[in-house]
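For reference, each letter of the sequence shown is one residue, going -19 to -1, 1 to 344 in mature numbering (1 follows the signal peptide of the UniProt record, and there is no 0).
This report concerns only the one structure given below.
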Amino acid sequence: MKAAVVLALGVSAAPLATAHTLLSKLYIDEVSQGDGTCLRMPEDGSKTTSPVDGLESDDMACGANGDTPAAFVCSAPAGATLTFEFRAWPDASNPGAIDPSHVGPCSIYVKKVDDPLNDPASGAGWVKLWHEGYNEDTGKWCVDNLIANKGLLSFELPSGLAKGNYLVRSEILALHQAHSKGDPQYYVSCAQVHVEEGPRTFDVPDKYKVSIPGHVDGSEKGNTFDVWEPKWPYLDLGCWAAVEACFAQGDKCFNPTPPTGVKNCDLWNEKLCKVIQSRCEDGEFEGPPEVELEEVTNPAPGYIPKAVNSGAADGSYEPRGTDLDGEISKGAVKDERVIGHATSAAGAASTPKPKLWRKRARR
């Protein structure tokens, strides 16, 4: 639903650098929410479209003044398509999204918050939803595609995202000075979104969450790549973190060692973790490999026998053996609530009586 009030961008009359960019409008399922509505915005007009000043700054979360909430929160149904519009001139006084020289990758993150009008953006709890770097098939960076799409970037919210309030963070990394000046330029912004009709919970393991600032330090290969004299492939940020997380999960399989052995723990490390590690080393990482891990197990020692209570699933099971009071049942008693039954005098002596009501057989 479109917000009733459209916020002013808060941009002064000072001229803006055409090379830079700012998230200026949010669309929900192709419906514009209005310029600046539900978006956390910089307050200094002279730096509105500038990159973040310092990778350790709290501004890495949602940009300059990113811990200052916007006045409104926009509602979106579960699984909605959000579209971000980036502009070199936030007031659209001139066309353009970002200077073509500012090539690099793009990412989308989300962070669940209790109160989007008061909770800060910086800190732990961020989860990456999407990333695009360099496509060797097309020879295009994400920024190239963004420019071709007139500054519009669309992505879907996961249908499993829990109902509640979120900060949805865009991250554009311009690499034009990353190698020559050691200056990877991050352009980040956040939208305040309330997801409707989602599941009650969406528990993301902590190992998949990052703290921003803190998710990058500038030394990563993806942050120092030379776009003017490139040595392909480009290593997307997060490659080695994925290796570490994979082996950490495998370690839990070994500790403690189960009495049945560790064959499947070894399989996890060999078929998944070491494959990711190899791709990182070769510079071919494009996310975790799609592999089918076949369980390593011993075969059954014989044919699988028929269920001893065959028919229990559809209610046709007729128990035979000792009654609950030790008397012999003729098979005339049928009770769908009985889920356990001793089949011999010895069994009756060693099997606890089920704590269920049951009809008595007529003598």
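A virtual CB, placed ideally from N, CA and C, is assigned to each residue, including glycine.
For residue i, write down the residues that DSSP places opposite it in a beta bridge.
i           : result
LEU156      : Answer by DSSP bridge pairing: none, since LEU156 is not bridged.
ASP16       : LYS6
HIS175      : SER56, ASN146
TYR115      : TRP122
residue 346 : Missing from the structure shown is residue 346; the chain here goes from -19 to 344 and no further.
residue 420 : The chain is shown from -19 up to 344; residue 420 falls before or after that span and cannot be answered.
TRP107      : VAL191
In the DSSP assignment, find the alpha helix (DSSP H) that holds residue i and state where it starts and stops.
i           : result
VAL124      : 123 to 129
residue 346 : A query on residue 346 cannot be resolved here, the shown segment of the chain reaching from -19 to 344 and no further.
For the beta strand (DSSP E) holding residue i, just list the boundary residues, first then last.
i      : result
ALA57  : 55 to 58
CYS87  : 87 to 94
ALA42  : Premise fails: ALA42 lies in the alpha helix (DSSP H), 40 to 43, not in any beta strand (DSSP E).
VAL191 : 190 to 193
PHE206 : No beta strand (DSSP E) holds PHE206; DSSP gives it neither H nor E.
What distance in whole Å lies between the Cβ atoms of residue j and residue i, which are believed to be in contact at a cut-off of 8 Å?
i      : j      : result
GLY47  : ALA102 : 5 Å
LYS188 : TYR147 : That belief does not hold up - the Cβ atoms of LYS188 and TYR147 are roughly 20 Å apart, past 8 Å.
LYS28  : ALA45  : 6 Å
THR205 : SER135 : Not really, about 30 Å apart at Cβ, beyond 8 Å.
ILE153 : GLY85  : 7 Å
VAL185 : VAL124 : Going by Cβ atoms, the distance from VAL185 to VAL124 rounds to 28 Å, so no, they are not a contact pair.
SER56  : GLU177 : 6 Å
GLY179 : ALA59  : 4 Å
Using the beta-carbon count (16 or more within 10 Å), is residue i buried or exposed?
i      : result
TYR284 : exposed
ASP95  : exposed
VAL12  : exposed
PRO280 : exposed
GLU37  : exposed
ASP40  : buried
ASP34  : exposed
ALA288 : exposed
THR30  : buried
PHE266 : With a pLDDT of only 49 at PHE266, under 50, the local geometry of the prediction cannot be trusted, and the value read off the model is given with reservation. PHE266 comes out buried.
TRP213 : exposed
GLY120 : exposed
GLU66  : buried
Looking at chain B, is there any beta carbon in it that lies within less than 8 Å of the beta carbon of residue i?
i     : result
ALA52 : The chain labelled as chain B is not found in the depicted structure, where only one protein chain is given.
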